[in-house]
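>
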Ligand code: NAD
Ligand code: DAU
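In our numbering, the protein residues as written are 29 to 375.
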């Protein structure tokens, strides 16, 4: 019989997607009795993201996923580990890959070794970026109505950046631990998330907080690059479905058919915030900039019955704009430093 997941470790639970998952668990799954958030509180981790949640249920342990003794102790008491902690920003990985190699590869290695030792269920959060990029639809014959235009679980690994290659490495470690050591693991590769609590270095919150701060938004290169947007709550629901109903050893792709190019997204933000459509600057492009991501989530939908709930991107974006507008205290102290770092890099 399947063991219930009463004690769950959420690594990176003070970051963007991890904290949204902790909120989702508290609000939707009373059967989860205890959530241990293991988070190093890097620049991207903010304890405020989980403040206000019941203290008897959500416990924050400030620590590093590379700390073998700490990880061993926590995992020995858990029923499952959901692993979100990572260095997550492509631009940072291009400036200094070192912490990406350490946290994303060695951290995953530390966690899966402990889960193997105590036979603890492990779910690995990964990204669609491990599959590299796809051609723009307008560059495909017949404007891309044919097959083979989206990532599937069988797409070859072809990562482009230090970030995505470190995530790809960690996925491969998990696959090997399943096959060689019987680790009870699943992997999910999700597309670009948006929603509350996302660090202001990322595209959507950077532009919203730029406008709120009287700074012109910044678009890399032509703005033709396409991302496949999904609301972070839909990601959380998918992860829960995979954790509880997914088949051990399987990879599930998570996406909500939300393809949009960056220029379109930026123009939508400007419109929703009452600004002229062209009130932004083109800045230096990202080296190796992936052209297009697109997820085929058929397996998740047909095997596990998942469907996205946030199907209206404009509405989700409006909620996100409202959240940043109402939570200036959450981001305003960091804004100048984030923009100074970008400016130094011509972005
Ligand atoms: P984030 O940068 O907002 O948060 C990362 C969290 O991990 C922070 O709280 C940070 O303090 C913590 N952390 C970093 N290094 C650590 C370490 N060594 N030990 C313990 N904690 C550490 O990231 P995010 O955007 O929420 O992404 C979370 C996960 O989801 C990552 O694995 C990322 O690859 C994956 N992912 C993100 C997206 C997206 O759109 N943001 C999409 C698909 C997958
Ligand atoms: O696809 C999933 C990935 O999505 C996750 O694995 C990553 O952790 C997450 O950061 C995200 O990666 P991206 O590189 O796609 O996200 P980012 O928000 O950095 O950029 C989104 C797009 O916007 C990308 O094409 C670069 C562009 N961009 C970004 C910034 C910060 C701009 O045009 N201007 C900007 O100021």
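Here a beta-carbon is modelled for each residue, glycine too, at the ideal position from N, C-alpha and C. Note that the structure is a prediction, hence the values are computed from the model and not measured.
Is the separation between the beta-carbon of residue 284 and that of residue 243 shorter than 8 angstroms?
no
> Any idea which residues DSSP pairs residue 151 with across the strands?
110 and 214
> So, helix, strand or coil for residue 68, using DSSP?
coil
> Per DSSP, residue 323 is paired with what?
Answer is 179.
> By the 10 Å Cβ neighbour count, where 16 or more other Cβ atoms means buried, how is residue 373 classified, buried or exposed?
exposed
> Is residue 155 a contact residue of the ligand DAU, with contact defined as CB to any heavy atom under 7 angstroms?
yes
> Leaving aside the five residues before and after residue 271 along the sequence, list all residues of the same chain whose C-beta is less than 8 angstroms from its C-beta, in chain order.
Residues 33, 108, 110, 149, 151 and 214 of the same chain have their beta carbon placed closer than 8 angstroms to that of residue 271, with the five preceding and five following residues left out of the count.
> Below 8 angstroms, how does it come out for the stretch 225-239 and the stretch 199-216: are there three or more Cβ pairs, yes or no?
no
> Sort 269, 312, 78 and 117 by Cα distance to residue 335 and report the nearest one.
Residue 269 is the option with its Cα nearest to residue 335.
> Under 7 angstroms Cβ to Cβ from residue 102, same chain only, skipping five residues before and after it: list those, please.
37, 64, 66 and 89
> Taking buried to mean at least 16 other C-beta atoms within 10 Å of its own C-beta, is residue 304 buried or exposed?
Its Cβ having fewer than 16 others within 10 Å, residue 304 is exposed.
> Quick one: Cα of residue 156 to Cα of residue 118, how far?
13 angstroms
> Would you identify the three-state DSSP class for residue 228, choosing helix, strand or coil?
Looking at residue 228 - three-state DSSP - the assignment turns out to be coil, as it is neither helix nor strand.
> What does the alpha-carbon distance come out to for the pair residue 370 and residue 231?
Rounded to the nearest angstrom, the two C-alpha atoms are 12 angstroms apart.
> Kindly indicate the opening and closing residues of the alpha helix (DSSP H) around residue 293.
It spans 290-300 - the alpha helix (DSSP H) in which residue 293 sits, taken as one unbroken run.
> Look up residue 222 in the DSSP assignment and give the residues it is bridged to.
259
> Cβ atoms of residue 314 and residue 288: under 8 angstroms apart, would you say?
no
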